[in-house]
Amino acid sequence: MMLWGVYSHLVSLVMLGFMAFVSVGLSLVSLNSGLSYVIEWELISLNSSSIVVTLIYDWVSSLFLGAVLFISCMVMYYSGDYMYGDKSYNRFMYLVFAFVLSMGALIISPNLISVLLGWDGLGLISYVLVIYYQNEKSANAGMLTVMSNRVGDVGILLSISLLFALGGWNFIFFGEHLGEDFLLLKVFVCVAAMTKSAQIPFSAWLPAAMAAPTPVSALVHSSTLVTAGVYILIRFSSALEGSSIQAFLLIISCLTMFMAGLGANFEFDLKKIIALSTLSQLGVMMSILALGFADLAFFHLLTHALFKALLFMCAGMIIHSVKEYQDIRNMGSLVMCMPFTSVCMNLANLALCGMPFLAGFYSKDLILEVAFMSEVNFLSFLLYTLATGLTVCYSFRLVFYSLSSMPNMSSMMFVSESHKMMLMGILALSIGAVVGGSSLAWIVFPESYMICLSGLFKAMALLVSGVGALFGYIINMVSVSYSPKVLSFYPYIFFMGSMWFMPILSTLSPSYLSLYFGGLFSKVGDKGWSEYFGGEGSFYSLVSGSSYLQISQENMIVTYMKSFFVWIIIVFFIFM
1 MMLWGVYSHL VSLVMLGFMA FVSVGLSLVS LNSGLSYVIE WELISLNSSS IVVTLIYDWV
61 SSLFLGAVLF ISCMVMYYSG DYMYGDKSYN RFMYLVFAFV LSMGALIISP NLISVLLGWD
121 GLGLISYVLV IYYQNEKSAN AGMLTVMSNR VGDVGILLSI SLLFALGGWN FIFFGEHLGE
181 DFLLLKVFVC VAAMTKSAQI PFSAWLPAAM AAPTPVSALV HSSTLVTAGV YILIRFSSAL
241 EGSSIQAFLL IISCLTMFMA GLGANFEFDL KKIIALSTLS QLGVMMSILA LGFADLAFFH
301 LLTHALFKAL LFMCAGMIIH SVKEYQDIRN MGSLVMCMPF TSVCMNLANL ALCGMPFLAG
361 FYSKDLILEV AFMSEVNFLS FLLYTLATGL TVCYSFRLVF YSLSSMPNMS SMMFVSESHK
421 MMLMGILALS IGAVVGGSSL AWIVFPESYM ICLSGLFKAM ALLVSGVGAL FGYIINMVSV
481 SYSPKVLSFY PYIFFMGSMW FMPILSTLSP SYLSLYFGGL FSKVGDKGWS EYFGGEGSFY
541 SLVSGSSYLQ ISQENMIVTY MKSFFVWIII VFFIFM
């Protein structure tokens, strides 16, 4: 056990890295041949019933599995240094490995029942990882996470019962046969995906899950838990085409990416800013999926996974080095102390913003151009452009506060890049953030999309990004210099910075009345009148009655004389 405790990160690096290499190779073979491989493994056959495990290996599942395994091997190697000295190190590594296993089971399952196994596994293990530090904040965040995800679990269970009408649960074969008669099934699948991918109104759990250790955040927010909902909808995309649910999904996802981008501009917790950035990008994936471009959603899913894992790992390096601070106002001038981490963090931020020729540019720019070219309404178009500008705005705000502004750290704090293993993991993902987008674009889209836009619309993404960058940097310089004036807008800032009151509405507010009346009923009913007339009262009556009976049965002459006297009086009154 001790040997595993010391070398588990190396074992994970080699094993998961090799499996990632094999998965990507399988994906390339599948893409080249145009074939998909479905494996059916019969577990039990009894009379006319058989339990069969079905696995699918097509280019989508193999490529996504390869990306998940590559990021996981880097995160677990990074964890070997980040979690070094933790008393529960072994447990942490086992949990992360089980988390990856659950995601793998979900990816290669074409069957809703086996999907449920991976889906529930992700929900359960994410809860255990969120409460890893075992304090009240972690417990609250874990409960919010698991309860929000339970709604999605119910959606999958109801989908299983409805899909049985087609005679099986292999949804991968039934996509084009799910017409408007199966609208309820599509609604349940969409609700399940919305909870897992934290779309409005289920968004509150995503920033709360930042209570988990940073390596877990890097894994959860890049390629595992939050992407499960998008992946399921990609698999169901043929069933959603032409459905009335697409318009609903489009407006919800556009509102989500706008809300997350707005909230990130008022947040000061380093990890929560990146979490809200993930939420914004999930909205981008869902919106383009709602427009009917599942391949673009999948492309952005893969490129986003690379630079978002890098961003979290750089944040973890910074948090580890500044002695567990997470407030960006207590940082500043980190570029002087941590040059390599600062370079990689800027690289990830620029990829997120869609800087030309980095990973995010190939997917994000293509998504925006296709969305502008599609028949979207003005509200969706406006939310797309605003969300793009806000993304660059909070990215440059993050750079301003943590990397380039005046140092705000304690004079006794020693900040350096002494964690070599963490730097190696960051370096590997940095390469992915630079070349990943172009490589995937050449593999997935051998024939590029035909984009027909005017010059203004073509330059719209870069124009909005430039305005957002300028706005983010200058406004935060002003807010630092004139903070009393900014505080006069506090009610509006609180509304925009609190995800439109969603965490408040998702926690105590809906449960307050039920908890209040439940407590009142318990106090007045169960522990009050119910006790008085029920168990405690009947016990008291029985005890007091039996005490009188006991007295009457004692051989005392006084008692007998009194009772004799009472009987004489009774007889006298009867015969009068």
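UniProt numbering numbers the first residue of the sequence shown as 1 and each following residue consecutively. Every residue, glycine too, gets a C-beta built ideally from N, C-alpha and C.
- Within the DSSP secondary-structure output, I44 pairs in a beta bridge with I51.
- In the DSSP annotation of this structure, the continuous segment of the alpha helix (DSSP H) that includes C353 starts and ends at 339-353.
- The beta carbon of V100 lies closer than 6 Å to those of S72 in the same chain, with the five residues before and after it left out.
- I274 carries a helical assignment under DSSP once its states are collapsed to helix, strand and coil.
- Straight across, the Cα-Cα distance linking S506 with V154 is about 18 Å.
- By the Cβ neighbour-count rule, W567 is exposed, with fewer than 16 other Cβ atoms within 10 Å of its own.
- In the structure shown, I475 adopts helical secondary structure according to DSSP, grouped into three states.
- With fewer than 16 other Cβ atoms inside 10 Å of its own Cβ, P339 counts as exposed.
- Counting only runs of 4 or more residues that sit fully inside the segment 86-166, the alpha helix (DSSP H) segments are 89-107, 112-130, 136-163, in chain order.
- A residue is called buried when at least 16 other Cβ atoms come within 10 angstroms of its Cβ; Y512 does not meet this threshold and is exposed.
- Cα atoms of G537 and L520: separation of roughly 20 Å, rounded to the nearest angstrom.
- In the three-state DSSP reduction, Y512 falls in the helix class (H, G or I).
- Contact between V22 and S126 does not hold, since their C-beta atoms are separated by about 26 Å, which reaches or exceeds 8 Å.
- Residue environment for I574: exposed (fewer than 16 other C-beta atoms within 10 angstroms of its C-beta).
- Within the same chain, and ignoring the five residues on either side of I172 in sequence, the residues whose Cβ sits closer than 7 Å to its Cβ are I56, P110, R235.
- By the criterion of at least three beta-carbon pairs nearer than 8 Å, the segment 348-362 is in contact with the segment 307-318.
- L35 is classed as exposed because its beta carbon has fewer than 16 other beta carbons within 10 Å across all chains shown.
- The Cβ neighbour count for Q199, taken over all protein chains shown within 10 Å, is at least 16; the residue is labelled buried.
- Residue state for D269 is assigned as strand, using DSSP reduced to three classes.
- Taking 8 Å as the upper bound for CB-CB distance, T388 and V444 are not in contact here, some 22 Å apart.
- Within the segment 196-237, the complete alpha helix (DSSP H) segments at least 4 residues long are 205-208, 214-220, 227-235, listed from N- to C-terminus.
- A straight-line Cα-Cα distance of about 18 Å links A297 and A192.
- In chain order, S223, L302, A305 place their CB closer than 7 Å to the CB of A67, counting only its own chain and leaving out the 5 sequence neighbours on each side.
- In the displayed model, V284 falls within a helix according to three-state DSSP.
- Taking C-beta atoms as the reference points, V284 and I367 count as a pair closer than 9 Å.
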